[in-house]
Every structure is written in structure tokens, then in C-alpha cells.
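Numbering (this note's numbering), first residue to last: 1226 to 1290.
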């Protein structure tokens, strides 16, 4: 579920990205509670969150220029 590719993120609208971020954060909390602190699922969720946040920041910086 957490696997996100940049091509998928580019196709998303701002609202979709925000909802996906909140879903992934909730999934991250659930995964860290039920399992060890650092398993493969938690790691992939963190990467997906980082991808979304990075894309948001780069998109915002392009708008300012």
C-alpha cells in the first residue's frame, strides 16, 4: 500500500496528496505500535511520506519563482 512512485505523485492533485499524507501517517502509527520500531513496512511508509513532502516543497518553490 505504501509504495508510491514519483509518476503517481505527479498525477495527484493537492487534496489527494494531503489525504494520502494523513493516511500514511496513521498507517505509520499503527505499524509502529503493532510491530518492532523499524521493520520493512515502517521503513517504506516513512519513505512514501518523505516523497510526498519533498514533492510538495518542490512544487511550492516552483510556484514562488
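For each residue, glycine too, the CB sits at the ideal point set by N, CA and C.
Predicted model, so just to flag it, every value in this text is computed and none were measured.
How would you call residue i, buried or exposed, if buried means at least 16 neighbouring beta carbons within 10 angstroms?
i            : result
residue 1228 : exposed
Could you tell me the alpha carbon to alpha carbon distance between residue i and residue j, rounded to whole angstroms?
i            : j            : result
residue 1268 : residue 1244 : 20 Å
residue 1238 : residue 1253 : 22 Å
residue 1235 : residue 1279 : 12 Å
residue 1258 : residue 1251 : 11 Å
Judging by CA-CA distance, which residue of the options is the nearest neighbour of residue i?
i            : options                : result
residue 1249 : 1271, 1284, 1230       : 1271
residue 1233 : 1277, 1284, 1283, 1264 : 1277
Please say whether residue j and residue i have beta carbons closer to each other than 9 Å?
i            : j            : result
residue 1266 : residue 1256 : yes
In chain order, what residues of the same chain have a beta carbon less than 7 Å from the beta carbon of residue i, not counting five sequence neighbours either side?
i            : result
residue 1281 : 1242
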